[in-house]
DNA sequence: ACCTTTCACACAAAA
DNA sequence: CCTGCCACTG
DNA sequence: TTTTGTGTGAAACAGTGGCAG
Ligand SMILES: [Mn+2]
Ligand SMILES: [Mn+2]
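Numbering (this note's numbering), first residue to last: 1 to 546.
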């Protein structure tokens, strides 16, 4: 059970983060960011606490009357101090709409009565909101409200601190809490205190800009405004190769939406700016749709010459074959990517609250198998446990804050190079089944629960690991590990649903219900299993009529 | 990498 | 009155 | 008919309280 956190834990965490960043990055911070730090330190305890509370909530606008915290003795005073010191404002420049959104339905009805606005009390809140907003245009809303509002400021400065600390903006203070509670604790690896996620300010600013672009483009896509999206395309920044992948993902997403709008040319131009999958696949499909068959084929040729990953390569092979026609001269030059996947058919009675995978799992148990629904947990998990210490080894620059689930270069091809020697050594060591078992079980016990990108603890039991290491030949495991390592980004998924054990044998089973089929990543693993004689089968389940 | 990713499933379109 | 959503909390 | 393409939704801490419906 999680233990209680010490009083004021959230402020302590916040201060820890600020100090951590100041110690390492002071020279890259702007004047505004540095004064954010010093002025925050100068606030009273209550004000600091309130600020941290506010900026860890969604907001961005809050009702002052609903802010009650046990450890903040005088909230009104703290609010006033934050406002005075520039860490908050009273929502002066907020429009009526934003403020009305803070009202409950009851508040809105009350406002209607005060202004003698006609409205049915049966209206839904959204409709009521619209009615009141309409009636309040040009009227002084503040005076009529039963509350005042507050809005934290300097959030941009705080964003910079967060980005410098985590190296991303999706992690936040909850990582501290979950770690301390023992819900998702992190490994205590050695942090490289010289490491800087951002080498220069330009890169930092460009990263922030890309985050903003990502958010903006998402909003525009969600809003369904085609014209606005087209305008955004015209004002995109240039691609900085150092942030290439980040840039490409945004561009790919916008282009995909343009495809849906049938803005083929604009979509194609956007894909041209991207150097990440699936830009070229989408381009090829798009060009064929535009009846530019030759250009489409050219793109496929490019992919075949220098594929960005296996999926893209296989797409190009199959797509070329299809659009080239049966007896085109290039046909014969295309390699085969097909494979005969072993399948069997199974008729089972559906059960409520039981997905088809669990159904087959239960069926296998009846057939005297030990069956586990593992999907992507087993092989990556075994890898994570067998290589745990290497994954968390203090490679230069790999660990720069205490909340990482793996080294920062994990998805770079450099991961293997930087650890080549210890990886080779570990491979040699675990060729002996006893050594493999002892390494895996040692880490299973000593690291249990610690966050590791490869290890999903909830799906790994000691029984499962024992059986897996007893029944799966080390040679097979090594083959699987090697393919995983050749491309972590793409090859950590697509594993079959189930693994069955009986005596000293095993069988991987991908369950397919009616209407389901192998996905491309699953196909690639099945092809590999076939090449390496790893026992894997697709089980097609159907249900009896009625 | 919840700013995701992964998987299954529904339906439409193409072959 | 109950239920589901969602934001918040530790 | 079968195969292929595309879009959708759920699940990834757990427990609680406020609020809308
Ligand atoms: Mn599955
Ligand atoms: Mn399946």
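Ideal Cβ placement from N, Cα and C applies to all residues, glycine included.
For residue 284, the enclosing alpha helix (DSSP H) stretches over residues 279 to 289. With respect to residue 520, residue 311 sits close: the two C-beta atoms are nearer than 9 Å.
With fewer than 16 other Cβ atoms inside 10 Å of its own Cβ, residue 183 counts as exposed. Burial is judged here by how many other beta carbons sit within 10 angstroms of a residue's own beta carbon; residue 381 has at least 16 and is buried. Scanning 144, 103, 98 and 89 for the CA closest to the CA of residue 116 turns up 144. Taking 8 Å as the cut-off, the C-beta of residue 511 counts as close to a heavy atom of ligand 2. Here the alpha carbon of residue 494 sits roughly 26 Å from the alpha carbon of residue 433. With a cutoff of 9 Å on beta-carbon distance, residue 465 and residue 444 are scored as near each other. Remark: three or more beta-carbon pairs, one from each stretch, lie closer than 8 Å, so the stretch 533 to 542 and the stretch 338 to 358 are flagged as touching. The C-beta of residue 536 has 16 or more other C-beta atoms within 10 Å across all chains shown, which makes the residue buried. Taking a 10 Å sphere around the C-beta of residue 267, we find 16 or more other C-beta atoms and assign the residue as buried. Restricting attention to 498, 103, 503 and 524, the CA atom closest to the CA of residue 512 is found in 498. If you draw a straight line from the Cα of residue 293 to the Cα of residue 303, it comes to about 15 Å. Exposed is the label assigned to residue 216, since fewer than 16 other Cβ atoms lie within 10 Å of its Cβ. Nearest C-alpha to residue 376 among 492, 325, 362 and 262: 492.
In the DSSP assignment, residue 63 is bridged to 149. Nearest C-alpha to residue 230 among 188, 5 and 269: 269. Residues of the same chain with a CB within less than 8 Å of the CB of residue 282, apart from the 5 flanking positions on each side, are 252, 255, 256, 259, 267 and 271 in chain order. Taking all protein chains in view, the Cβ of residue 470 is surrounded by fewer than 16 other Cβ atoms within 10 Å, so the residue is classified as exposed. Sixteen is the threshold: since fewer than 16 other Cβ atoms of the shown chains lie within 10 Å of the Cβ of residue 301, the residue is exposed. Pairing residue 72 with residue 149 gives a Cβ-Cβ distance that is not under 9 Å.
Of the candidates 507, 114 and 454, the residue whose Cα lies closest to the Cα of residue 488 is 454. Comparing alpha carbon positions, the residue from 473, 501, 394 and 486 closest to residue 532 is 473.
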